[in-house]
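See structure below.
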Amino acid sequence: MATILTHPIIPLTLGLIATRDVLPWRLVILGMLCAIVPDLDVISFKLGIAYESAYGHRGFSHSLVFAAALASLICLFSKQLKSDRIHIWLFCFIAAASHGVLDAFTNGGLGVAFYWPFDDQRYFFTQRVIEVSPIGVARFFSERGIAVFQSELRWIWLPCTTVVTGYHLLKSYFK
Ligand SMILES: [Zn+2]
Numbered sequence: 015m016a017t018i019l020t021h022p023i024i025p026l027t028l029g030l031i032a033t034r035d036v037l038p039w040r041l042v043i044l045g046m047l048c049a050i051v052p053d054l055d056v057i058s059f060k061l062g063i064a065y066e067s068a069y070g071h072r073g074f075s076h077s078l079v080f081a082a083a084l085a086s087l088i089c090l091f092s093k094q095l096k097s098d099r100i101h102i103w104l105f106c107f108i109a110a111a112s113h114g115v116l117d118a119f120t121n122g123g124l125g126v127a128f129y130w131p132f133d134d135q136r137y138f139f140t141q142r143v144i145e146v147s148p149i150g151v152a153r154f155f156s157e158r159g160i161a162v163f164q165s166e167l168r169w170i171w172l173p174c175t176t177v178v179t180g181y182h183l184l185k186s187y188f189k
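Residue numbering for the sequence shown follows my numbering, beginning at 15 and increasing consecutively.
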């Protein structure tokens, strides 16, 4: 995985670009949670489920079908979220699916089961530039954790910050 601090950056970036009638803050925050949810599957290690199993880490919970199902579930709360179902679905789908996409850029562990349940195979992108995050909090606060965070700053935080800043600068320029 990329770290739990970094996955929510993708939906936050979208939230900082969109207007509040399209993506109200409560929906943005929910989207940030959607980007973390796939990694709840680390509990599979405690349950003795093999990493390479479809129900193991980076298995079904990192798939596009899971992201679509999670987005559909959240659409049931469109009234409370004060947004259109289509916006809710698209945003939550992108937020949850972005998790697997970032993981597929990491340089360790097994790949991502993007196409579960149709295909259990694990996939990586060819450019595996992001340092894989250690699993577990204790190992995260280590020298290795610092290297991971530096890598995430470079490959995720910096591009996202550039997109948000660039967008708002252009917007104010053309206003
Ligand atoms: Zn993950």
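Ideal placement from N, C-alpha and C gives every residue a C-beta, glycine not left out.
_In the DSSP output, what is V126 paired with across the bridge?_
Taking the sequence shown and counting its residues from 1, one reaches residue 126 at position 112. Residue pairing by DSSP places V126 opposite Y137 in a beta bridge.
*From this set, S75, F91, M46 and S97, which residue's C-alpha is nearest T33's C-alpha?*
Start at 1 with the first residue of the sequence shown, and residue 33 comes out as number 19. Nearest of S75, F91, M46 and S97 to T33, Cα basis: S97.
*Say the cut is 7 Å; is the CB of R72 nearer than that to a heavy atom of ligand 1?*
As a first step, residue 72 is located in the sequence shown; it is residue number 58 there, counting from the start. True, at least one ligand heavy atom lies under 7 Å from that Cβ.
_Using a Cβ-based criterion (distance less than 7 Å to any ligand heavy atom), does P52 qualify as near ligand 1?_
Taking the sequence shown and counting its residues from 1, one reaches residue 52 at position 38. Taken from the Cβ of P52, at least one heavy atom of ligand 1 lies inside 7 Å.
_For ligand 1, is there any heavy atom lying closer than 7 Å to the beta carbon of H113?_
The residue labelled residue 113 in the question sits at position 99 within the sequence shown. It does: the Cβ of H113 is within 7 Å (strictly closer) of some heavy atom of ligand 1.
*What distance in whole Å lies between the Cβ atoms of S77 and F128, which are believed to be in contact at a cut-off of 8 Å?*
Position 114 of the sequence shown, counted from the start, is the residue given in the question as residue 128. Position 63 of the sequence shown, counted from the start, is the residue given in the question as residue 77. 6 Å between Cβ atoms; contact.
_Taking contact to mean 3 or more Cβ pairs, one atom from each stretch, closer than 8 Å, check whether the stretch 130-147 and the stretch 58-73 are in contact._
Contact check between the stretch 130-147 and the stretch 58-73: three or more CB pairs, one atom from each, fall below 8 Å, which counts as touching.
*Can you list, in chain order, the residues of its chain whose CB lies under 7 Å from that of E166, leaving out five sequence neighbours each side?*
Stepping through the sequence shown from its first residue, residue 166 is reached at position 152. For E166, where only same-chain residues beyond five positions count, the Cβ hits under 7 Å are A16, T17, T20 and I144.
*Measuring from the CB of H101, is there a heavy atom of ligand 1 at a distance below 7 Å?*
The residue labelled residue 101 in the question sits at position 87 within the sequence shown. No.
*Under the three-state DSSP convention, the category I18 falls into*: Taking the first residue of the sequence shown as 1, we reach residue 18 at position 4. For I18, the three-state secondary structure derived from DSSP is coil.
*asked:* Closer than 7 Å to a non-hydrogen atom of ligand 1 - does that hold for the CB of D134?
replied: Against the sequence shown, residue 134 aligns to sequence position 120. Outside the cutoff, so no.
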